[in-house]
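Here the sequence shown is numbered in my numbering, starting from 267 and rising by one per residue.
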Amino acid sequence: MKCLYCDCTESKVIDSRSAEDGRTIRRRRECVSCGRRFTTYETIEVSPVLVVKNNGTRQSYNAEKVRNGIIKSCEKRPVPMSVIDDMVADISKQVYNSMESEITTKAIGEMVMERLKKVDEVAYVRYASVYRSFKDLSSFMSELKKIMKSAKEEKKEGHD
267 MKCLYCDCTE SKVIDSRSAE DGRTIRRRRE CVSCGRRFTT YETIEVSPVL
317 VVKNNGTRQS YNAEKVRNGI IKSCEKRPVP MSVIDDMVAD ISKQVYNSME
367 SEITTKAIGE MVMERLKKVD EVAYVRYASV YRSFKDLSSF MSELKKIMKS
417 AKEEKKEGHD
């Protein structure tokens, strides 16, 4: 780390503490050569993950887009924002922990639907209807029947 004042490459850390976000460390340093102090911030370097869209184009993963999609599907539903935030954080963690440099929108959509199904079935159906772009009423009804069937099976398992 070069000193801002004299370009010396040696400094000693006087104080270290976590910044507000908890993901950054703030360090107060003192130059060994000139004795002046300066502050540095240390953050985790995140390798960008590219999202491969259906048309083949690529763009950087954006958790805000995932959040907005979930919020739209949960509109007027009893889903607290903290639950939505947890879902987004969980999905983002899964995306970055995959160690892949690219992920498809299909894979992200499946992650969202998997979580929404556990939280709110109506929000799940709303998201699935857009995500799977049902062509007609029969394909929509087919998905609803799958949900109803799995819900019945879960109830039976709960009573055994």
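Quick reminder that beta carbons are idealized off the backbone N, C-alpha and C, glycines included.
Between the alpha carbons of Lys384 and Ile413 lies a gap of roughly 11 Å.
Pairing Leu270 with Ser299, the inter-Cα distance amounts to about 12 Å. With a cutoff of 8 Å on beta-carbon distance, Glu409 and Ala389 are scored as not near each other. Within the stretch 353 to 409, the beta strand (DSSP E) runs of at least 3 residues that lie entirely inside it are, in chain order, 368 to 370.
Restricting attention to Asp281, Val354, Thr371, Ala355, the CA atom closest to the CA of Thr323 is found in Thr371.
Judged by their CB atoms, Met347 and Arg381 are not nearer to each other than the 8 Å cut-off. Sequence-distant Cβ neighbours of Val378 in its own chain, meaning closer than 7 Å and more than five residues away, are Val332, Gly335, Ile336, Ile357, Tyr393. Under the DSSP definition of a beta bridge, Glu276 lacks any partner. Judged by DSSP secondary structure, Val317 falls within the beta strand (DSSP E) whose first and last residues are 316 to 318. Counting along the chain, Ile291 sits inside no alpha helix (DSSP H); it lies in the beta strand (DSSP E) bounded by residues 290 to 297. Contact holds between the stretch 297 to 317 and the stretch 267 to 284, because three or more Cβ pairs, one in each stretch, are under 8 Å apart.
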